[in-house]
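Residue numbers (our numbering), protein chains in the order written: chain G, -5 to 236; chain Y, -5 to 236; chain W, -5 to 236; chain P, -5 to 236.
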């Protein structure tokens, strides 16, 4: 039997505790909603953690047993302790843990550290229509996805998105108000795979849309560790001459 | 004194001869309009050629003296003789001639040959608004370009655009009718640089817009040959052991 | 139960019929050897075909039932009929069939067509040592692969290799005689995934090396179709305004 | 008259002060040697700075007048104050200053910050032969460069080099002792262009080799700011509907 992919869904979980509109939209928290739809898959084993958990829900102990980390943060990026950022970064770069930052996590400490740029962008909260166009239909994350995904109401993000060129650009969003955005971005960093995925404002309902759920499921499978060799770095002897 | 960049603007030149609306928009032909604005640059030396010229305006003799080829074709791609396609391809791949296919040239024989894919896309003629968002403001082709360029009325192109992932993606277009499109795509192929640039429907006036002109001028300078070494290919002797 | 990946191993199969040294090295033909080690995998269903088969072993009928095509050709590329090249290309670009050209297939009609460049390189037959360094240990094709793979005696290939920049560069080879070579190159073209893999001279024994076999097994799984949407290309209506 | 490119050559400058072998090789310091050969170019205006200068030779005041920063560091990366790293990073990302880290600068704070990975590698000091193969002869940095550059004695670096996939891979090194290395790596980060170039051990003489000098000159021109638009990031209003 194939080994299950161990997923941790980490959520800031403040909006859904303290703001009526977010609480109404995601009564179980965003992490709870994501956990629920992932748990239907027989090849996943899913846990959740939040910012207000002990150790902010992030420790070496916990992460060493995680294959893929899904991450949602927004207003409290600065509260995340630097040690947690180091732990996550090391798990990705050294050990190949997959990392799926969602939506406003573009501005999280960990994503900015991994990218090396500001990761800033244009934005507004105007309940605009978003249409995510699939750019690489041959990619594993395109499995079962239609040509485009529509979200009736979403927060708007717009270019320039200050990120490194993605290794693969999967989705480009069209917004009613006139912007475009690189909404699905694949990277390899060290041993780890990263997939930034844009949708998911806390008072809109993107994570209830089956196609959005399918993208995240596909991304988990794509981002799971590949079982390649840990590179031996540092001082090295020459090979014998033949 | 620096050597001038020798530019050939090649145009199918049928719409502007035989169709009233295109003739009115581009009385000198699209090639004439492009030649005019390029000729203002002191570092360019510009010529034009068209499909109905002797040898369809494309011969080894002519191209061996050209640094950058700008190319506009649409309804008569199939008329272009295969020999001409070979001549252009060889000049790009072997000799490093720059190549700037415009608009409907996405479906030209030469572009499809260079890309290896169908280069098909979605399209409609609906006079929609196009907004080209600049994705890489640090790239040489971004010189003097604003954050976005608006074209009031244009033919619409939409993804999926069946091309290889660009080496650099410079522009993404937003269209009024709901599509997005990768409108500025840089490639290196062999010794040559290629820049596909989307705008330029024959009855809209994109080539009169100063920012569009600036993109094309920048692209000519970027695509000019780099004077690197011609690789020696084929059978090779080993290096002596030390 | 998961669907099996249907693999076709196509081989020119002339060296191993008519040349003693190749026949001794691969008595079942290169295709037979590859089939044998792939057939140990329970998720593969493997067939073979060769140039001297009816229809050169390539027809629409046959390929429409194939998920991944492994391809070895060398001295008789020109004999492959253009129709066969079209059939393979269409299956890759339109339908997402995976394609794994091996060794001297770099110069095959089909690979050159897909790449758009000459695909030429430096080479010599000098029984040199090759050491393939793994560049992206986080990639799925790195599964179970060591840091480097050594081949005691191989034909030498050297840069410049006239190909488009790979979407992902997986292996770089070091050769005893002083060259380097991009030996493992991933591309997406249309709906299909392509993995060029260098080793496999007909009189050396690369395909008997377990790590080389493992790379090819990994590549088959990586290149299998992703079940993304077939893009709808051509004339398209605008979306209704909201 | 075209504006000159303002170059700052920054050097740790400890080896050449305190170690006999490095002092003998570079009596003016590595920065002095690089300054000398760059100063022959009429389009460059060159300054130098070192770690033991006031403010470690790096301040906002100084950098705001610099177009391209060449950087050599090795044993004292940790001494570079975090404020200096922030200043350099901001000038690159926000303002488009070019950045050319050389040799052991792969492990500098600033390069690691920009890359987001460990940037570690294999190495040894064994006076081996290095042969840098040019992989993209059509790139501007290939101007006037031969197919390969040989360095008789150099420190050896080997893969795995833990960096993000370069936007363009220009050079791959072959080393006598059996390793390969991605020796010339182009990146765009924010508004800025980055070119990592491998050669330059403090007791070998790489910076006296004309072809190595030519690569650095080309890289300065390539990395100079492109005069694109500073993106407007943050809250944005929708465009008016038409």
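Each residue gets a CB set at the ideal place from its N, CA and C atoms; glycine is no exception.
Between residue 170 (chain P) and residue 107 (chain P), what straight-line distance do the alpha-carbon atoms span, to the nearest angstrom?
Along the fourth chain, one-based indexing puts residue 170 (chain P) at 176. Along the fourth chain, one-based indexing puts residue 107 (chain P) at 113. Using only the alpha carbons, I get a separation of about 31 Å.
Which residues, in chain order, does the segment 127 to 138 of chain P contribute to contact with chain Y at a C-beta distance below 9 Å?
128, 130, 131, 132, 133, 134, 135, 136, 137 and 138
Strictly by DSSP, which residues pair up with residue 1 (chain G)?
Within the first chain, residue 1 (chain G) is the residue found at index 7, counting from 1. DSSP output for residue 1 (chain G) lists G:40 and G:62 as bridge partner(s).
Whether residue 88 (chain G) touches residue 194 (chain G) by CB criterion (8 Å)
Position 94 of the first chain, counted from the first residue, corresponds to residue 88 (chain G). Position 200 of the first chain, counted from the first residue, corresponds to residue 194 (chain G). Cβ distance not < 8 Å, so residue 88 (chain G) and residue 194 (chain G) don't count as in contact.
Interface flag, residue 221 (chain W) vs chain G, CB-CB below 8 Å:
Translated into positions along the third chain, residue 221 (chain W) becomes position 227. Yes, residue 221 (chain W) counts as interfacial toward chain G.
Cβ atoms of residue 50 (chain Y) and residue 78 (chain Y): under 8 Å apart, would you say?
Counted from its first residue, the second chain places residue 78 (chain Y) at position 84. Counted from its first residue, the second chain places residue 50 (chain Y) at position 56. Going by C-beta atoms, residue 78 (chain Y) is nearer than 8 Å to residue 50 (chain Y).
Buried or exposed by the 16-neighbour rule on C-beta atoms within 10 Å, applied to residue -4 (chain Y):
Taking the second chain and counting its residues from 1, one reaches residue -4 (chain Y) at position 2. Exposed.
Among W:14, W:48, W:69 and W:210, which one has its Cα closest to the Cα of residue 192 (chain W)?
For this step, residue 192 (chain W) is matched to residue 198 along the third chain. Comparing Cα positions, the closest option is W:210.
Among P:214, P:231, P:117 and P:128, whose alpha-carbon lies nearest the alpha-carbon of residue 153 (chain W)?
Counting from one through the third chain, the residue named residue 153 (chain W) turns up at place 159. Nearest C-alpha to residue 153 (chain W): P:128.
DSSP three-state call for residue 159 (chain G): helix, strand or coil?
Position 165 of the first chain, counting from 1, holds the residue named residue 159 (chain G). It is coil, neither helix nor strand.
Contacts of residue 125 (chain Y) in chain G (Cβ-Cβ under 7 Å)
Taking the second chain and counting its residues from 1, one reaches residue 125 (chain Y) at position 131. Simply 172.
What are the start and end residues of the alpha helix (DSSP H) that includes residue 12 (chain G)?
Walking along the first chain from the start, residue 12 (chain G) turns up at place 18. First-last of the alpha helix (DSSP H) with residue 12 (chain G): 9 to 12.
Buried or exposed for residue 36 (chain G), going by 16 or more other Cβ atoms inside 10 Å?
Position 42 of the first chain holds residue 36 (chain G). The residue is exposed, with fewer than 16 neighbouring Cβ atoms inside 10 Å.
Run the CB neighbour count on residue 12 (chain G), radius 10 Å, all protein chains shown included, and call it buried at 16 or more, exposed below.
If you number the first chain from 1, residue 12 (chain G) lands on position 18. Exposed: under 16 other Cβ atoms inside 10 Å.
Chain P contacts from the segment 105 to 121 of chain G (Cβ-Cβ distance under 7 Å):
107, 108, 109, 110, 111, 112, 114, 115, 116, 117, 118 and 120
Residue of G:30, G:204, G:6 and G:212 minimising C-alpha distance to residue 145 (chain G):
Position 151 of the first chain, counting from 1, holds the residue named residue 145 (chain G). If we check each option's Cα against that of residue 145 (chain G), G:204 comes out closest.
Taking the alpha-carbon of residue 64 (chain Y) as reference, which of Y:141, Y:121 and Y:40 has the nearest alpha-carbon?
As a first step, residue 64 (chain Y) must be located in the second chain, where it is residue number 70. The residue with the shortest Cα to Cα distance from residue 64 (chain Y) is Y:40.
Does the count of Cβ pairs from the segment 218 to 229 of chain W and the segment 22 to 32 of chain P closer than 8 Å reach three?
no
What residues in its chain sit with their C-beta under 8 Å from that of residue 110 (chain W), if we drop five residues either side in the sequence?
For this step, residue 110 (chain W) is matched to residue 116 along the third chain. Hits under 8 Å: 158.
CB contact below 8 Å: residue 157 (chain P) versus chain Y
Locating residue 157 (chain P) in the fourth chain gives position 163, counting from the first residue. No - not a single Cβ of chain Y is within 8 Å of the one on residue 157 (chain P).
Neighbour list for residue 89 (chain W) in chain Y, Cβ cutoff strictly below 8 Å:
On the third chain, position 95 is the one that residue 89 (chain W) refers to. Residues of chain Y passing the Cβ test: none, with the nearest at roughly 12 Å.
Look up residue 112 (chain G) in the DSSP assignment and say whether it is helix, strand or coil.
As a position in the first chain, residue 112 (chain G) is number 118, starting the count at 1. Here residue 112 (chain G) sits in coil by DSSP.
Tell me which same chain residues have a C-beta within less than 8 Å of the C-beta of residue 156 (chain P), skipping the five on either side of it?
The residue labelled residue 156 (chain P) in the question sits at position 162 within the fourth chain. So the list reads 111, 112, 113, 114 and 115, once near-sequence residues are dropped.
Cutoff 8 Å: residue 229 (chain G) Cβ touching any chain W Cβ:
The count along the first chain starts at 1 and reaches residue 229 (chain G) at position 235. It does not; no Cβ of chain W falls within 8 Å.
When the distance is taken between beta carbons, is residue 221 (chain P) closer than 8 Å to residue 137 (chain Y)?
Reading the second chain from its first residue, position 143 is the one you call residue 137 (chain Y). Reading the fourth chain from its first residue, position 227 is the one you call residue 221 (chain P). Contact: yes.
Could you check whether the Cβ of residue 140 (chain Y) sits closer than 8 Å to any Cβ belonging to chain P?
Reading the second chain from its first residue, position 146 is the one you call residue 140 (chain Y). At least one chain P Cβ lies under 8 Å of residue 140 (chain Y).
On a Cα-Cα basis, can you pick out the residue from P:213, P:74, P:141 and P:234 that is closest to residue 91 (chain P)?
Here the question's residue 91 (chain P) lines up with position 97 in the fourth chain. Comparing Cα positions, the closest option is P:213.
How would you call residue 5 (chain G), buried or exposed, if buried means at least 16 neighbouring beta carbons within 10 angstroms?
Residue numbering aside, residue 5 (chain G) sits at position 11 when the first chain is read from its first letter. Its Cβ being crowded by 16 or more others within 10 Å, residue 5 (chain G) is buried.
Where do the N-terminal and C-terminal ends of the alpha helix (DSSP H) with residue 174 (chain G) fall, by residue?
Here the question's residue 174 (chain G) lines up with position 180 in the first chain. Not the alpha helix (DSSP H): residue 174 (chain G) falls in the beta strand (DSSP E), residues 174 to 183.
Test: residue 226 (chain G) CB closer than 8 Å to a CB of chain W:
As a first step, residue 226 (chain G) is located in the first chain; it is residue number 232 there, counting from the start. With 8 Å as the cut-off, residue 226 (chain G) counts as an interface residue toward chain W.
Can you tell me which of G:206, G:184, G:218 and G:208 puts its alpha carbon nearest to the alpha carbon of residue 224 (chain G)?
The sequence position of residue 224 (chain G) within the first chain is 230, counting from 1. Among G:206, G:184, G:218 and G:208, the Cα nearest to that of residue 224 (chain G) is on G:184.
Quick check on DSSP: helix, strand or coil for residue 92 (chain P)?
Walking along the fourth chain from the start, residue 92 (chain P) turns up at place 98. Strand.
Residue 21 (chain Y) burial status per 10 Å Cβ neighbour count (16 or more: buried)
By 1-based counting over the second chain, the position of residue 21 (chain Y) is 27. The residue in question, residue 21 (chain Y), is exposed, as its Cβ has fewer than 16 Cβ neighbours within 10 Å.
Residue 61 (chain W): buried (16+ other C-beta within 10 angstroms of its C-beta) or exposed?
In the third chain, counting from the first residue as 1, residue 61 (chain W) sits at position 67. By the 10 Å Cβ count, residue 61 (chain W) comes out buried.
With DSSP collapsed to three states, give me the class of residue 164 (chain Y).
Reading the second chain from its first residue, position 170 is the one you call residue 164 (chain Y). Residue 164 (chain Y): strand per DSSP, three-state reduction.
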